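These protein sequence lines map, in sequence, to chains A and B.
The numbering used here puts the first residue of the first sequence at 1, with every later residue one more than the last.
The numbering used here puts the first residue of the second sequence at 1001, with every later residue one more than the last.
Heads up, the beta-carbon is just placed ideally off N, CA and C, and yes, glycines get one too.
Quick caveat, the model's predicted, so the values are computed rather than measured.
The structure under discussion appears below in the form of structure tokens.
Number of protein chains: 2
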Amino acid sequence: MPIDLRLDASEVPLLTDLYELTVAAAFFAHGLNDAGSFELGIRRLPPGRGYMIAAGVERLIEALEEYRFDEKAIAHLRSLDLFTPEFLDYLASFRFSGAVRALPEGTIFFAGQPVVEIHAPLIEAQLIETIALNQVGFASMAATKAARCVGVAAGRRLIDFGPRRAQGADATLITARSSYIAGFHGTANVLAGMRYGIPVFGTMSHSFIMAHETERKAFEDFIDNFPKLSTLLVDTYDTVRGVAIASEIGARMRARGLKLQAIRLDSGDLPDLSRKARRLLDQANLKDTAIFASGNLDEYKIAELVDSSAPIDAFGIGTSLAVSDDAPAGDFTYKLVEYKGTGRLKTSAGKLSTPGRKQIFRGFNSSGIAMGDLIGLLDESASTVTREFKSPPAKVTPLLETMMEVGRRIMPRPELATIRTNLASGLAALDPRIKMLRRPAEYSARQTAALGALVISEKLKAENRQA
Amino acid sequence: MPIDLRLDASEVPLLTDLYELTVAAAFFAHGLNDAGSFELGIRRLPPGRGYMIAAGVERLIEALEEYRFDEKAIAHLRSLDLFTPEFLDYLASFRFSGAVRALPEGTIFFAGQPVVEIHAPLIEAQLIETIALNQVGFASMAATKAARCVGVAAGRRLIDFGPRRAQGADATLITARSSYIAGFHGTANVLAGMRYGIPVFGTMSHSFIMAHETERKAFEDFIDNFPKLSTLLVDTYDTVRGVAIASEIGARMRARGLKLQAIRLDSGDLPDLSRKARRLLDQANLKDTAIFASGNLDEYKIAELVDSSAPIDAFGIGTSLAVSDDAPAGDFTYKLVEYKGTGRLKTSAGKLSTPGRKQIFRGFNSSGIAMGDLIGLLDESASTVTREFKSPPAKVTPLLETMMEVGRRIMPRPELATIRTNLASGLAALDPRIKMLRRPAEYSARQTAALGALVISEKLKAENRQA
């Protein structure tokens, strides 16, 4: 029996706002289907964020490759009594035939920059708006949140503990994947482990302790089964007493040639409890037993714990990562920037958009640190824009890459490990002031002279569109 | 080709934290599989919330009915090299055989109350923890957010515009369903319309205007195709000028016996623009053309607009609903409350849980207003607890209902329309002070004497579990 929690590939085209379909139908009826370019980006950085990390692009490309309205979808659309038989026939044979230029996943980006550009017959580019925003938006928010955590963890291991608090099923997979590319050590999510090959970790539940007549017996039972997964949860009752019991068990394990991997603190005053726990473990000669902490942690609390030298070796991050709690959504937009070869833009108050197909040029100094970005036009190149940087860059790299052409992927799907490495290099090349958790410095991202000129000329034209 | 965005029903059991499986395996190995009861509820109300709305229960029940580890799932678990062949065999033949008592969807609940109780062999109840929290948690957060919007909209229509900003695919369906049961008029989400029969609405995109040489031509083209969906988006360029053009078109439609349904404002100073728009429309004799507003609206802004008598007839709510932006996650827990017939609880600092299988008794006064709740034990009844209310209630209703027994649904799946009606009645019976957007009054929810006594006696016993 089909269950509501499932999502079939053939349902993805219906996971859309109705207006994408009505607008597409009106384009179809009036023959407006020349090449158009849409640009997906973030209008402004979310509060407290100095940078963003691109993610979700691979999933979008995959969805575009397999974008099909099946018979059931067409039957449903027919039942709405809104669409002509000709348009429904068009949808029934729909294949995405456009081009995608995008930032490789893991690339750092800033406000006003194209993350994904769809260049396709207008109707195709229109239809995929909702799913593009839905997928790239949250994946990028989650990757950014995770990168902030990794940035302050000073090498301590971070594990995604988000599935229970995520907003639905799909979000758990997105969070696991985004956090892994951002440098998390692994996830608790078994399905994400299967899908992506991400290392999967788990400790034990309070219920396991509570179901036993004594905490000690619960610890012993668990170790009996999982000597290699021996992370004991010590805060069901009195935490310090729990650590003492775990230490006794650890000492006995050691006598049998086994190792107590870790104890886990999930509540209470973590700096204080972790110090007491460390002392008890050390006294029991368990210096290599790690301390794992969880319980409403986020980048701010990790930073505090690290700064206070709390002896914690690894963190489980749940809610704050799972929903990107201090910035659960970003102001992502998907804007028409060119149609029939001419620039298009919105001019309404506060929502001025930037016309034209673009490239982002990132300048690096001789130490490899990013000095700033120039957002230019597609026909500009690293060599032509170099002189527009405030001081001469040692290297200029164009960031957007062509990923699909005529509906086919032209770049092999990257390994997660590669994305992860690229992301780490990108962050290493970013000035630490941009990476500060609070009140980060503003990264320099300006338009080239050519783009600036296009904005002015197209803005004048746009005003004439209300003749 | 399978795409990452899909979710197969057979993958649902793997959408779990690893520890559910390791803990279950340890229970299995040690023969701990007597009947246990777990309780899903919220530890504290999210900031600013005076009440919560239960949702997601039906989806959970459906998932439990179809919970199967298929061959691929078992093969993956085997590959982790953590589980015994006996435990994998147990999983391969796993069927949920337990009972579910829960609040019918749409029921109002408060902190510390059971929303769902799973009473099942311990291993079964353990395994479903992650998916239960994931599904009931966000669905309830979204229903609550939506109810707050409906509560201040004073009868104006609200439409879910969330899909582009939701955290992944599944969240879009949850939001559409939860907001509809909370009184939204419909959703933009086509797939949610197909799945749930929710009315689907759409207007037009800025890209539609921008792709045309003039705004006027865009309006004319759209109306030509969708005379009954004639909501014109007027803020692509100068908004007031856009309204004037829309009014001219509306006047010509009227001359042809058609009606301009609405204009849509998506940016700018909505009180000011809506008044100017109303005046222009009225001057064009388009008094029945509605004004639709969208653009970063939430319950606070709706309340302001309604209070200021801005002439807005309907609102599209996107981001704030889609991610429940001011409270993106709730502090939901799933706690073992009874095992082998005896109460279980956590006693760690700040996380004291309440043992025992429970019932919630809601007292109503003679005007039908909810006076307060008593949380009692399963064997208490409305008549036995009546005298424990501070003043005598006219009626006492037990809230938790048995929905599944021995793994089978025993109540027919309710229609969304029924849930919607029950939810509206529940909210109508709630003191307005509890429903205030900011600093709501605290609803009275106490324990019965019998439950209080159980807490004390079990707490003493729990302290002995660290012998």
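Q | Bounding residues of the alpha helix (DSSP H) (the contiguous stretch that carries A/Gly-257) | A | Taken as a continuous stretch (DSSP letters only), A/Gly-257 belongs to no alpha helix (DSSP H), as it is neither H nor E.
Q. For the beta strand (DSSP E) that B/Pro-1013 lies in, which residues bound it at each end?
A. Neither: B/Pro-1013 is in no beta strand (DSSP E) and is coded neither H nor E.
Q | Nearest candidate by alpha-carbon position, reference B/Phe-1161, set B/Asn-1189, B/Val-1240 and B/Ile-1369 | A | B/Asn-1189
Q) Comparing the C-beta of B/Glu-1011 with each C-beta of chain A, is any distance below 7 angstroms? A) yes
Q. Rounded to whole angstroms, how far is the Cβ of B/Gly-1106 from the Cβ of B/Asn-1422, which I believe are closer than 8 angstroms?
A. 5 angstroms
Q) With 16 as the cutoff for other CB atoms within 10 Å, does B/Thr-1084 come out buried or exposed? A) exposed
(Q) Residues of chain A with CB closer than 7 angstroms to the CB of B/Lys-1351, please, in chain order. (A) Ser-267
Q. What residue range is occupied by the uninterrupted alpha helix (DSSP H) comprising B/Lys-1217?
A. 1215 to 1225
Q | Straight-line Cα distance separating A/Val-396 from B/Asp-1269 | A | 42 angstroms
Q. Got a sec? Which residues, its chain only, sit under 7 angstroms from B/Val-1152 by beta carbon, not counting five neighbours each side?
A. Glu-1299, Ile-1302, Ala-1303, Val-1306 and Leu-1437
Q | Beta-carbon neighbours of A/Leu-377, restricted to chain B and to distances below 7 angstroms | A | What A/Leu-377 touches in chain B: nothing, since even the nearest Cβ is about 18 angstroms away.
Q: Say whether the region 154 to 174 of chain A touches the region 307 to 327 of chain A, bearing in mind that this needs 3 or more beta-carbon pairs closer than 8 angstroms, one atom from each stretch.
A: yes
Q. Under the rule that 16 or more other beta-carbon atoms within 10 Å means buried, what is B/Pro-1328, buried or exposed?
A. buried
Q.
For chain A, check one thing: does any of its Cβ atoms lie closer than 7 angstroms to the Cβ of B/Pro-1328?
A. yes
Q) Fully enclosed by the region 1412 to 1458 of chain B, which beta strand (DSSP E) runs are 3 residues long or longer? A) 1445 to 1447
Q) At what residue ranges does the region 1327 to 1387 of chain B contain a whole run of the alpha helix (DSSP H), taking only runs of 4 or more? A) 1382 to 1385
Q) To the nearest whole angstrom, what separates the beta carbons of A/Arg-101 and A/Glu-117, a pair I think is in contact under 8 angstroms? A) 4 angstroms
Q.
Considering Cα atoms alone, identify which of A/Ala-55, A/Gly-341 and A/Ala-314 is closest to A/Leu-158.
A. A/Ala-314
(Q) So B/Arg-1043 and A/Met-210 are supposed to be a Cβ contact under 8 angstroms. How far apart are they, rounded? (A) Rounded, the Cβ-Cβ distance is 16 angstroms, inconsistent with contact.
Q: Using a Cβ-Cβ cut-off of 7 angstroms, state whether A/Glu-86 counts as contacting chain B.
A: no
(Q) Just checking: is the beta-carbon of A/Asp-288 within a distance shorter than 7 angstroms of some beta-carbon in chain B? (A) no
Q) Can you tell which of B/Pro-1013, B/Asp-1004 and B/Leu-1374 has its C-alpha closest to the C-alpha of A/Glu-62? A) B/Asp-1004
Q: Could you run through the region 1032 to 1047 of chain B and flag, in chain order, every residue whose CB is less than 8 angstroms away from some CB of chain A?
A: Leu-1032, Gly-1036 and Phe-1038
Q. For B/Tyr-1019, which option in A/Ser-79, A/Thr-187 and A/Pro-13 has the closest C-alpha, if you only look at C-alpha atoms?
A. A/Thr-187
**Q.** Which of helix, strand or coil DSSP assigns to A/His-185
**A.** coil
Q: Give the interface partners of A/Ala-277 over in chain B, defined as CB-CB distance under 7 angstroms, in chain order.
A: Residues of chain B passing the Cβ test: none, with the nearest at roughly 14 angstroms.
Q. Using 7 angstroms as the limit for Cβ to Cβ distance, is B/Ala-1029 near chain A?
A. yes
Q. Would a C-beta distance cut-off of 7 angstroms place A/Phe-470 and B/Val-1023 closer than the cut-off?
A. This structure gives no information on residue 470 of chain A, because the portion of chain A shown stretches from 1 to 467.
Q: Compare the C-beta of A/Arg-59 against all C-beta atoms of chain B and say whether one is closer than 7 angstroms.
A: yes
**Q.** B/Gly-1036 - DSSP class collapsed to helix/strand/coil
**A.** strand
(Q) Report the CB separation of A/Ala-469 from A/Phe-96 in whole angstroms; it is logged as a contact under 8 angstroms. (A) Past the boundaries of the shown model lies residue 469 of chain A; chain A is included only from 1 to 467, so the question cannot be answered.
Q) So B/Pro-1199 is in the beta strand (DSSP E); what residue range does that whole segment cover? A) Taken as a continuous stretch (DSSP letters only), B/Pro-1199 belongs to no beta strand (DSSP E), as it is neither H nor E.
**Q.** B/Ala-1290: first and last residue of the uninterrupted beta strand (DSSP E) it sits in
**A.** 1290 to 1293
Q) Quick one, are the C-beta atoms of B/Lys-1276 and B/Val-1240 less than 7 angstroms apart? A) yes
Q) Start and end of the alpha helix (DSSP H) containing A/Thr-402? A) Unbroken run through A/Thr-402 is the beta strand (DSSP E), 401 to 405; no alpha helix (DSSP H).
Q | Own chain partners of A/Leu-416 with C-beta closer than 8 angstroms, once the 5 adjacent residues on each side are dropped | A | Arg-177, Tyr-180, Ile-181, Tyr-196, Gly-197 and Ile-198
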